[in-house]
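If you read the protein sequences in the order shown, they are chains W and H.
Note that my numbering has the first sequence beginning at -13, numbered continuously upward.
Note that my numbering has the second sequence beginning at 346, numbered continuously upward.
Glycine included, every Cβ here is placed at the ideal spot set by N, Cα and C.
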Amino acid sequence: MNNNLTSCCCGGKDCLKPTNSIIEESHKILPETILQFINQCLKEEKPASQLIAVLHKVQDHFGYLSPQTMDAVAYLMQIPAAKVSGVASFYHYFRLKACGKFIISICLGTACYVKGAEAVLDKFREELGIEEGETTTDGMFTLEVSRCLGTCALAPVVKIGEDIHSQMTVGKVPAIIEHYIEQSKKAQ
Amino acid sequence: MTTNINLTIDNQAIAVPKGTTIMQAAEKIGINIPRLCYHPRLSLEGSCRVCIVKVKGIDSFITSCGTEVQEGMEVQTNSPEIRQARRDIIELLIDNHPHECQTCERDANCELQNLAYSMGVRERLFEGKRKRHPLEDSSVSVVRDAEKCILCGRCFRVCSEIQGVSNLSQQNRGFSTIVTPAYGANMDDSVCVQCGQCINVCPTAAFQEKRHTDRVWEAINDQKKFVIAQTAPAIRAAIGEGFGFVPGTPCTGKMVTALRRLGFDAVFDTDFAADLTIVEEAHELIEKIKKGEPLPHITSCSPGWINFVEGFYPELLSHVSTCRSPMTMMSTILKTYYAKKIKRDPKDIFVVAIMPCVAKKFEMERPEFTLDGQKVTNAVLTTRELNWMIKSYGIDFAGLPDGEFDPPLGESTGASVIFGATGGVMEAALRTAAESILGKPLEKIEFENVRAPVAGLREETLKIGNLTLNLAIANGLVNAKTVLDRVISGEKEYHIVEVMACPGGCVGGGGQPYPNPTHGYSILDPDLALKRAAALYSIDSHKEIRRSHENKAVQQLYKEFLGLPGGEMAHKLLHTSYKPRARRGIK
Chain W
-13 MNNNLTSCCC
-3 GGKDCLKPTN
7 SIIEESHKIL
17 PETILQFINQ
27 CLKEEKPASQ
37 LIAVLHKVQD
47 HFGYLSPQTM
57 DAVAYLMQIP
67 AAKVSGVASF
77 YHYFRLKACG
87 KFIISICLGT
97 ACYVKGAEAV
107 LDKFREELGI
117 EEGETTTDGM
127 FTLEVSRCLG
137 TCALAPVVKI
147 GEDIHSQMTV
157 GKVPAIIEHY
167 IEQSKKAQ
Chain H
346 MTTNINLTID
356 NQAIAVPKGT
366 TIMQAAEKIG
376 INIPRLCYHP
386 RLSLEGSCRV
396 CIVKVKGIDS
406 FITSCGTEVQ
416 EGMEVQTNSP
426 EIRQARRDII
436 ELLIDNHPHE
446 CQTCERDANC
456 ELQNLAYSMG
466 VRERLFEGKR
476 KRHPLEDSSV
486 SVVRDAEKCI
496 LCGRCFRVCS
506 EIQGVSNLSQ
516 QNRGFSTIVT
526 PAYGANMDDS
536 VCVQCGQCIN
546 VCPTAAFQEK
556 RHTDRVWEAI
566 NDQKKFVIAQ
576 TAPAIRAAIG
586 EGFGFVPGTP
596 CTGKMVTALR
606 RLGFDAVFDT
616 DFAADLTIVE
626 EAHELIEKIK
636 KGEPLPHITS
646 CSPGWINFVE
656 GFYPELLSHV
666 STCRSPMTMM
676 STILKTYYAK
686 KIKRDPKDIF
696 VVAIMPCVAK
706 KFEMERPEFT
716 LDGQKVTNAV
726 LTTRELNWMI
736 KSYGIDFAGL
746 PDGEFDPPLG
756 ESTGASVIFG
766 ATGGVMEAAL
776 RTAAESILGK
786 PLEKIEFENV
796 RAPVAGLREE
806 TLKIGNLTLN
816 LAIANGLVNA
826 KTVLDRVISG
836 EKEYHIVEVM
846 ACPGGCVGGG
856 GQPYPNPTHG
866 YSILDPDLAL
876 KRAAALYSID
886 SHKEIRRSHE
896 NKAVQQLYKE
906 FLGLPGGEMA
916 HKLLHTSYKP
926 RARRGIK
């Protein structure tokens, strides 16, 4: 009878492989800057409290939070995926669907609304053929509404990417859309 | 010395230790404050607000579950205002709940329904928008009905705190809040291990097992089918509770008679296969030790545990016993050995396993457990489902005469019946392995120090002859995690590890009856598990044969059919293999 028994077939090294491969895969999904940030968080006393900060960075990089990127965060931070997705779906700020190259955000705050923002929104819907929250099939535009961007003097205001378009009218809409399509073509 | 805090509750003076909550203090003087999300074995959620009370000096009502007592506190648990507020809370919950109590699976044992009745909700005062979600029945074991969910959070608390699985969480916010696996995925596309504890703790019918009763009725009424029941050890310890027997009343004989009256052609005991498991597993273990193969050896009877290790600890799969569970061994033997004996085509034999378990419904669907493309187990009924069938058939269970299992696969030993309690498989294995190691019978057959229903985790060092064995017994998967992490880190060198997914082992399984409130136990209550386990140990102590390898029918089976333990035939029919799951859980 063999009394000299080891706790594990390989002394605990190779046995960890399957888990390690998941960590490796997660490394491939996220960019280096985020991996470094996560590593920093893991050194803190309560790494889980940094989850929201990590999700912000992931969204900044990818534009939205996909199950794949959230899984990577979950494995690297050792937080159950159900909790990660629970946090991500709780906050309005986090985007769970892929968005277009340009996010068109139409302010429906009081000042913009009384100055005709709804008609502008309708025109964008008509021109792009999508509803709010949706993305055009070519992946170019995502249509959203927002509440007060704090620039009421410029009402009605439409934010596209980082650009602010002031005193919007229904008539301006087609040209603006065309402008961004052109800009995208040039960039290519 | 802990200092006592003096307070009054409904004008009764009471002194309780610091840190006691108002709810706990009230219980001590016989005041049962209504509650819904609160569960004594889980963390505080405080989401339902049903347990509100009035404390002098505080303007608003406060929750009694989460507020600790303070010196001089004057608490009022009932007043017209408090009762009105509680009633409003319940009415609002009901307003956002399907109005289908009469056709609901939990009718008459629903905590929300009971509370509405006891709070005096007699009419619907609120009519508002109601949440709508489709029934989610993708999983072969656990059905999720989010419309019935009241967001009390017990399911995701048991899933993370007791089971360490963390498959469930609240997603979205406000009116859209819903409890689902990550990313709102279906249950079958999740890290769920199908243990069914969410079903046990749910106060309504938001979680239910997938019903197999219809297919069983159908088979019984099919003249071409030979319908066999096999009953797991833990059923006999709990089935009586559904018929008014106090927990811990063994009801083996009545259960057998009830199954015959339901129309089963033969009633066998899964315990027989538990003896068979022990013979195979003891052989496997001794071989491992002889050959110096990697240890610990980890048991494989609990299907929730198998799902867990495949999904969370695949690196340890090579340590898990390759023995099929007793249920699947039994079904396999029924469709081979027994089929030949009764000269029936295995295709005409319909095996119904009565299990305390929801994960068994998943186990029976595993493609490994088929013969010529046919499933070896055709249906799995939980104890709850069998209870319902017996009631539905109008059988007066309490008045039934005792019946006997059919021979030859109804024969079992005391070692097999204790499989139903945590530590039971370990004890049964030790009874057989120790004799093989010592080469002579044991003087004392009981291994009381491996019985561990309350602690959830027990580590023991045992000397058998000149062999020292380090043992670990874990129930509740969060305790299994502790053991497995110690194995991986090398902190502990165990020889044998027994894991049962459910708290207390199978007696606390995800398919066991909801405790009858009049008996004073809540689900997950270790005292309830102890009572049920005591019934099994009592059956064991009264058995003439108490060692698995001495089971005459098992010996006969090897002689006539299987050959030797661990032999070619045994390997083909009684063993299995495991593979890591696609979705990996976070440890």
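Residue-chain proximity (residue i, chain W), Cβ-Cβ < 7 Å
i: H/R518; result: yes
Residue i - DSSP class collapsed to helix/strand/coil
i: H/A371; result: helix
i: H/E481; result: strand
i: H/P671; result: helix
i: H/D610; result: coil
i: H/F588; result: helix
i: W/L107; result: helix
i: W/P4; result: No answer about W/P4 holds up, because its pLDDT of 47 lies below 50 and its placement is not dependable.
i: H/A577; result: coil
i: W/D57; result: helix
i: H/E805; result: strand
i: H/K688; result: coil
i: H/N545; result: helix
i: H/T522; result: coil
i: H/Q901; result: helix
i: H/I507; result: helix
i: W/G(-2); result: Summary for W/G(-2): the model assigns pLDDT 39, below 50, so the residue's position carries little reliability; its value from the coordinates is reported in the next sentence. Looking at W/G(-2) - three-state DSSP - the assignment turns out to be coil, as it is neither helix nor strand.
i: H/M709; result: coil
i: H/Q301; result: The requested residue 301 of chain H does not occur in the structure, where chain H is confined to residues 346 to 932.
i: H/S883; result: helix
i: W/I163; result: helix
i: H/S486; result: coil
Under 8 Å from the C-beta of residue i: neighbouring residues of chain W
i: H/S514; result: P66, A68, K69, S71 and G72
Proximal residues to residue i (C-beta, below 8 Å), its chain only, five neighbours per side dropped
i: H/Y738; result: R606 and L607
i: H/T348; result: P362 and K363
i: H/F571; result: D610, A611, I687, R689, D693, I694 and F695
i: H/T777; result: I623, V624, A627, A760, R892, S893 and H894
i: H/E655; result: L662, Y923, K924, P925 and R926
Chain H within 7 Å of residue i, Cβ atoms only
i: W/F23; result: no
i: W/F80; result: no
i: W/Q36; result: no
i: W/A60; result: yes
Per-residue contacts from residue i into chain W (C-beta, under 9 Å)
i: H/S486; result: Result: empty, since nearest Cβ-Cβ is about 18 Å, beyond 9 Å.
Closer than 7 Å at the beta carbon, the chain H residues around residue i
i: W/Y50; result: In chain order: nothing, as chain H lies at least about 13 Å away.
i: W/S75; result: Q516 and N517
Within chain W, the residues that residue i reaches when beta carbons sit closer than 7 Å
i: H/R929; result: I8
i: H/S511; result: P66, A68 and K69
Chain-order list of residues whose beta-carbon lies under 6 Å from that of residue i (same chain, five-residue window excluded)
i: W/I8; result: Y61
i: H/A817; result: E804, V828, Y839 and V842
i: W/L135; result: C93 and V143
i: H/A880; result: A582, G593 and P595
i: H/S409; result: I367, M368, I378, C396 and V398
Where residue i meets chain H, residues with beta-carbon distance less than 9 Å
i: W/P53; result: A527, Y528 and A530
Sequence-distant residues of the same chain with beta carbon closer than 7 Å to residue i, five excluded per side
i: W/V156; result: A105, V106 and K109
i: H/H920; result: T667, C668 and R669
i: H/T673; result: E708, F714, V721 and T722
Chain A within 7 Å of residue i, Cβ atoms only
i: H/N454; result: Absent here is chain A; the protein component of the structure consists of chains W and H.
Point to revise | chain H contacts from the stretch 95 to 129 of chain W (Cβ-Cβ distance under 8 Å) | key: Going along the stretch 95 to 129 of chain W in chain order, one finds no residue with a Cβ nearer than 8 Å to chain H.
Closer than 7 Å between beta carbons: that is the criterion. Which residues of the stretch 519 to 547 of chain H meet it against chain W?
Within the stretch 519 to 547 of chain H, the qualifying residues are P526, A527 and Y528.
Worksheet entry | Against chain W: residues of the stretch 487 to 509 of chain H by CB proximity under 8 Å | So the list reads F501 and S505, given in the order they occur along the chain.
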